[in-house]
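Enquirer:
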Ligand SMILES: NC(=O)c1ccc[n+]([C@@H]2O[C@H](COP(=O)([O-])OP(=O)(O)OC[C@H]3O[C@@H](n4cnc5c(N)ncnc54)[C@H](OP(=O)(O)O)[C@@H]3O)[C@@H](O)[C@H]2O)c1
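Residue numbers (my numbering): 10 to 249.
(1) Looking only at C-alpha atoms, which of 99, 182, 64 sits nearest to residue 41?
(2) If I follow the unbroken beta strand (DSSP E) through residue 178, where does it start and stop?
(3) Measure the C-alpha to C-alpha separation of residue 50 and residue 62 and round it to an integer number of angstroms.
(4) Check whether the Cβ atoms of residue 8 and residue 37 sit closer than 9 angstroms, and answer yes or no.
(5) Verify the contact flag: residue 156, CB atom, against every heavy atom of ligand 1, threshold strictly below 8 angstroms.
(6) Would you call residue 223 buried or exposed, if buried means 16 or more other Cβ atoms sit within 10 Å of its Cβ?
(7) Consult DSSP for residue 33 and reduce its assignment to one of helix, strand or coil.
(8) Identify every residue that forms a DSSP beta bridge with residue 239.
(9) Output the distance between the C-alpha atoms of residue 53 and residue 133, rounded to the nearest integer angstrom.
(10) Looking at C-beta atoms only, is the number of pairs between the segment 221 to 239 and the segment 190 to 200 that lie closer than 8 angstroms three or more?
(11) With DSSP collapsed to three states, give me the class of residue 100.
(12) Checking the sheet assignment: what are the DSSP bridge partners for residue 63?
(13) Note down the Cα distance separating residue 29 from residue 150, rounded to an integer number of angstroms.
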């Protein structure tokens with residue numbers, strides 16, 4: 010119970026990796042608050058999480074996010090796993106509007122969240138952002154996604170300097186089996202998972218709980234800051 014009596018806010022904690030982080034933090038004794046846009050997802054997550062608190066929040070909305078943290082007041086750990094879709098198309102196929110929309114969600118959403126949360130995070134606390142393995146192993150044809158993930162890691166390194174002693178780190182997952190792929194039909198999704206798995210050293214894609222362990226480590230370990238934890242089954246060595 011290493012996070013006993015710690016308060017943690019997980020923006021994006023109603024699905025996939027964020028939901029697994031919420032479960033892991035609860036198992037370590039933390040008081041957990043999760044937030045995301047959809048009331049339905051918040052309600053379903055609350056049933057799974059039991060003792061956590063859940064709120065509706067769009068982290069792209071600055072005033073809503075500021076108000077959210079004003080209501081939360083002081084807490085220990087901020088985790089951001091929210092992201093509203095990827096920009097997978099190649100440079101010449103992706104419109105500038107779609108590229109900006111992807112940045113507005115994953116990059117600016119995390120930026121806005123840290124800015125709004127900062128006055129309430131304890132000096133002994135931590136901030137953990139989320140990037141993705143493409144930052145370390147760029148994928149041909151995914152320039153926007155690579156740029157977003159690289160920008161998040163760059164932001165976190167400087168925030169680790171600017172906000173110390175608050176610790177700031179990033180988790181960078183490879184392919185993980187989460188609802189982010191629920192828009193694909195089952196056959197295409199399984200085929201994509203198989204292809205991805207074959208190119209990995211560990212020959213399988215990750216489960217959300219395996220990624221969640223990194224967020225628990227980063228909340229707990231009082232000497233880790235400015236780090237990116239890569240959990241990608243060997244993708245960086247072998248290609249995704
Ligand atoms: N799964 C993978 O293979 C993979 C690989 C590399 C990196 N990642 C990264 O890991 C993170 C988590 O991904 P995941 O696979 O767990 O995705 P997921 O299952 O789709 O969960 C995303 C969460 O973000 C919330 N969200 C989306 N837009 C939001 C907004 N504007 N404001 C507040 N909450 C918002 C969603 O809930 P609502 O819809 O209710 O808002 C949901 O709770 C993302 O940053 C993703 O890019 C994932």
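Ideal Cβ positions, reconstructed from N, Cα and C, are used throughout, including at glycine.
Expert: Let me lay it out:
(1) Taking only the C-alpha atoms, the option nearest residue 41 is 64.
(2) Segment 176 to 182, the beta strand (DSSP E) holding residue 178.
(3) Taken atom to atom, the span from the alpha-carbon of residue 50 to that of residue 62 is near 13 angstroms.
(4) In this structure the chain extends from 10 to 249, so residue 8 is not present and cannot be described.
(5) No heavy atom of ligand 1 is found nearer than 8 angstroms to the CB of residue 156.
(6) The residue is buried, with at least 16 neighbouring Cβ atoms inside 10 Å.
(7) Here residue 33 carries a helix assignment [DSSP, helix/strand/coil].
(8) Per DSSP, the beta-bridge partners of residue 239 are 181.
(9) In a straight line, the C-alpha of residue 53 is about 32 angstroms away from that of residue 133.
(10) Pairwise C-beta distances place the segment 221 to 239 out of contact with the segment 190 to 200, as fewer than three of them are shorter than 8 angstroms.
(11) Shown here, residue 100 sits in coil according to DSSP, grouped into three states, outside any helix or strand.
(12) The partner list for residue 63 (beta bridge, DSSP) reads 43.
(13) So the alpha carbons of these two residues sit roughly 30 angstroms apart.
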